[in-house]
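Taking it in order: structure first as structure tokens, then the write-up.
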Amino acid sequence: MRLWIFEKPSMAMAVIPHLPKPHTRHQGYVETGDGYVSWLAGHVMEQVQPGDYDERWGTFPWKFEDLPIIPKDWKLKVSEDKKDQVKVIEGLLKKCTSIVNGGDADREGQLLVDEVLLYFGNTKPVARIHLSAMDPTSVKKAIASLEDNATFRPLYEAGLGRQRADWLVGMNMSRAYTILAKKQNYPGVLSVGRVQSPTLALVVKRDREIDGFVPKDFWTVEAQFADPGQPVLPFWSRWLPPGLSLESAEKQADVDAKGEADEDEEGDEIEGEGGTVAGQRPAWLDEQNRIVNKAVADQIAAKVQAAGQGTVTRYVNKPAEEQPPLPFELTGLQTALNGKYGYSAKEVLDVCQELYLAGQTTYPRSDCPYLPVSQHAEAPDVLDAIARGAPHLATLAANANVTIRSRVWNDSKVTEHHALIPTRQAPDWSTMTEIKRRTYEMIAQRYLAQLYPNCQVDKAKIEVSIAGERFAASGRVVKDPGWRVVFQGEAQATDAKKKDATPSLPVLTEGGSVNRQAVKVDAKRTTPPPRYTEGSLLTAMKHVHRTVTDPVERKKLKALDGIGRSATRAGIIETIIKRGFVDVKGKQFVATVVGKILVDALPAKLTDPGMTARWEALLDAIAKKQIPLHAFMAKQEEAIGELVAAARVSTLPTIPPDAMPARKPYTGSSTPRPAPDGAKKCPKCKKGYLVPRTVKNGPKAGQTFHGCNNYPECKHSVWPK
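Residue numbers for the sequence shown follow full-length UniProt numbering, beginning at 1 and rising by one.
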């Protein structure tokens, strides 16, 4: 008799129809023709609190003499509100002869089922199922492809290492800095986390860049030229700083247009033909190669005006192809939906999870925008589902070419999960909420684009020399829009809008002459960087390598896909807001006084993105059997000891009275609230009572549930079945 244990009920319900009949429903499980199917509800086990190891560690107020807290024998316990379901699984473990781990196909999914099996001392054989999608075809394929769960033991250990290391940092460093704040009668908790702290530091740094920003004036020089034989096709060109290549001219134009420094994908300086411009930069050019002396700009313009005619020193005109943007991974989708519609990262994750559980899109918590080659064969069925589920995309689906295989189908680039795409199961458009429609539409459009031809363009670049100065122009003409028809001009995740705005250029000959028709000098002023929004902060976390100067760390961070994971970034952002470290004003994130004080007080190890990303590198190494778990934990324990010692001799900057939160001081235990009429005691905290509440925002707006009135100390909730 085989026992299937899934991460959540919906996964179990998707698999049960494909198992031997009869199917008999019981409390907490379903009996099939050859075994049982049960489920968890995410993590049902949790690390015990410090006081469960040693009573003095749980006593409030917290004291430095009790730190660092480092358990010798780590303990887990069953979460209070999950005990009933765990008891069901305990009973089924005694009846079955083999088990299938049905956790999500990632580190946490492996951990949350394995830790239950280990908690009960299971010795029976265990297999592993990986569900990348919930549609019938994918489920059948997964059932037929079970693997030995022991193969994934290193993945479990990596999850365990993450869990324990997070506990060490959270319990020790949050206590340490809360103790320091308590000396100033601060009533809140200054929480610290391996990803939370560097994320907060990003917001604080950006705010200070804005607060300390001093605008500077600069000037641009542009000249209009025309071929004597084609006077009806004049073109404008920008002055090129000394040593700057024609190829770098477009990037320089972006810097001038935005009035702020711009980085390329790697964040490198714009380079000239013989090295960086910085090596030969005159005093009247700033570090971004902008003219900061108006007299110089006027002098250049006067020379060009007097010359009258220039020479075409370079002319490039060649056809090019632009590939479609890759399908979404979670962070990219969250960023896109936040930027276009203002949805929070959590709202997007919740909707993606609902679409996944309904079998309409694939696993959402993915960091990978590529697909396995084998998935290409399913394209006709996926297109059919898109056409039926999103009628306004039916024509695009019908015109897609399933013989096209874009760069997205690449086994060598597929990681733990593949890109987020539609499945063969069509949604019911008429019953979908607005946020769900918009989310599905974005996912479907990215997939459709893979089955359209590349966009065909002609790209031209011109360099003109006149009066000892150089000017550059670039243009682009779309010959065949290809995949871009899918977006109807929206240009998602590309700079196509900017490219569309570039002018057509005449056909010229190198060495030929062009007439100067006009010259102008424009006065401009630098602008500060924009404040973070939720979308841009998600992107900053993912691309945090751009803020790091060390080349080795930079390379590691880029390979790690930033700090945090697609599944955790939304929660991290939510935490720094709830803790009062960041205020949200409109869409903009602004660090609070307390948030800034905490970042200033923390050692660089806890706010440096290079350090926190290397944690993930070590966890990945555990998963790949490159280092053992005990070696990782030994390093973490040593580091925690050093961090606590440093905190013990430090002090917090003064917290002003108006920065104190307007709530009662934390005393280590919640004060019991009066019981509303007929309310049941909260089964988790045993102090509050379950009262009716209504969701105000997000995809579940309007839905009712029961939540503990001891919130936020207790976040237990019960939803209607």
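Here a beta-carbon is modelled for each residue, glycine too, at the ideal position from N, C-alpha and C.
Item                                                                                                                                                                                        : Value
Whole angstroms is fine: what's the gap from K205's alpha carbon to K346's?                                                                                                                 : 24 Å
Take F152 and list the residues in its own chain whose beta-carbon comes closer than 7 Å to its own, dropping the five residues that flank it on each side.                                 : Q110, R128
The beta strand (DSSP E) with C708 in it runs from where to where?                                                                                                                          : 704–708
Would L240 be called buried (16 or more neighbouring beta carbons within 10 Å of its own) or exposed?                                                                                       : buried
So for V214, helix, strand or coil by DSSP?                                                                                                                                                 : coil
Taking 9 Å as the threshold (C-beta atoms), are P17 and G359 in contact?                                                                                                                    : no
Ignore the nearest five residues each way along the sequence and tell me which others in A306's own chain have a CB closer than 8 Å to its CB.                                              : A467
Out of L508, A460, W483, Q588, which one is the CA nearest neighbour of S474?                                                                                                               : A460
Among I576, P422, S430, A150, which residue has its Cα nearest to the Cα of residue 740?                                                                                                    : As displayed, the chain neither begins before 1 nor continues past 721, which places residue 740 out of reach and without an answer.
With DSSP run on the structure shown, which of helix, strand or coil describes A660?                                                                                                        : It is Met, not Ala, that sits at residue 660 in the sequence shown. Coil, per DSSP.
Candidates V304, I421, V351, A377: which alpha carbon is nearest L326's?                                                                                                                    : I421
Sort T704, W719, K681, P720 by Cα distance to N710 and report the nearest one.                                                                                                              : K681
With 16 as the cutoff for other CB atoms within 10 Å, does Q626 come out buried or exposed?                                                                                                 : exposed
Out of F471, A449, L643, Y689, point me to the one whose CA is closest to E250's CA.                                                                                                        : F471
Please report the distance separating the alpha-carbon of W409 from that of S237.                                                                                                           : 40 Å
Within its chain, find whatever has a CB closer than 7 Å to the CB of P324; leave out the 5 residues flanking it on each side and keep chain order.                                         : S406, A449, Q450, Y452, W483
Quick one: what's K87 bridged to in DSSP?                                                                                                                                                   : The partner list for K87 (beta bridge, DSSP) is empty, contrary to what the question assumes.
Assuming I70 and L3 make a contact with CB atoms under 8 Å, what is their CB distance in whole Å?                                                                                           : The pair is not a contact, with the Cβ atoms about 36 Å apart (cut-off 8 Å).
Quick one: Cα of V348 to Cα of Q334, how far?                                                                                                                                               : 6 Å
Please go through the same chain and pick out, in chain order, the residues whose beta-carbon is closer than 7 Å to the beta-carbon of D495, but skip the five residues on each side of it. : Model confidence at D495 stands at a pLDDT of 46, short of 50, so the residue's coordinates are unreliable and nothing is read from them.
Going straight from the alpha carbon of Q492 to that of L538, what length do you get?                                                                                                       : Residue confidence is low: Q492 scores 45 on pLDDT, short of 50, so the model does not pin down where it sits. Its coordinate-derived value is still stated next. Approximately 17 Å between the Cα atoms of the pair.
Which residues does DSSP list as the beta-bridge partners of A646?                                                                                                                          : In DSSP, A646 forms no bridge with anything.
Give me the Cβ distance between P215 and R525, rounded to the nearest whole Å; I'm assuming they're in contact under 8 Å.                                                                   : 5 Å
List the residues that DSSP assigns as beta-bridge partners of M45.                                                                                                                         : V78
Ignoring anything shorter than 4 residues or poking outside the UniProt domain "Toprim" (1–135), list the alpha helix (DSSP H) runs there in chain order.                                   : 9–15, 50–53, 83–95, 107–119
Identify the continuous alpha helix (DSSP H) that holds R516 and give its terminal residues.                                                                                                : No alpha helix (DSSP H) holds R516; the beta strand (DSSP E) holding it covers 513–525.
Express the C-alpha separation of I386 and K578 in angstroms, rounding to a whole number.                                                                                                   : 38 Å
Counting along the chain, where does the beta strand (DSSP E) carrying K479 start and finish?                                                                                               : 469–480
Less than 8 Å separating the Cβ of A12 from some heavy atom of the ligand SAM?                                                                                                              : This structure simply doesn't include the ligand SAM, nor any ligand for that matter.
For the stretch 583–651, which segments carrying the alpha helix (DSSP H) assignment without a break, of at least 4 residues, lie completely within its bounds, in sequence order?          : 593–601, 604–607, 609–623, 629–648
Can you tell me whether E265 is buried or exposed? The criterion is at least 16 other CB atoms within 10 Å of its CB, across all chains shown.                                              : Confidence at E265 is low in this model, with a pLDDT of 39, below 50, so its placement is unreliable and no value can be given for it.
Using C-beta distances below 7 Å, list every residue in its chain close to M171, excluding the 5 sequence neighbours before and after it, in chain order.                                   : P50, I69
Determine the direct distance from the alpha carbon of F589 to that of P628, and round the result to whole angstroms.                                                                       : 40 Å
With DSSP run on the structure shown, which of helix, strand or coil describes Q456?                                                                                                        : strand
So I5 and V113 are in contact, right, with Cβ under 8 Å, and what is the actual spacing, rounded?                                                                                           : 5 Å
Quick check on N185: buried or exposed, where buried means 16 or more other Cβ atoms within 10 Å of its Cβ?                                                                                 : exposed
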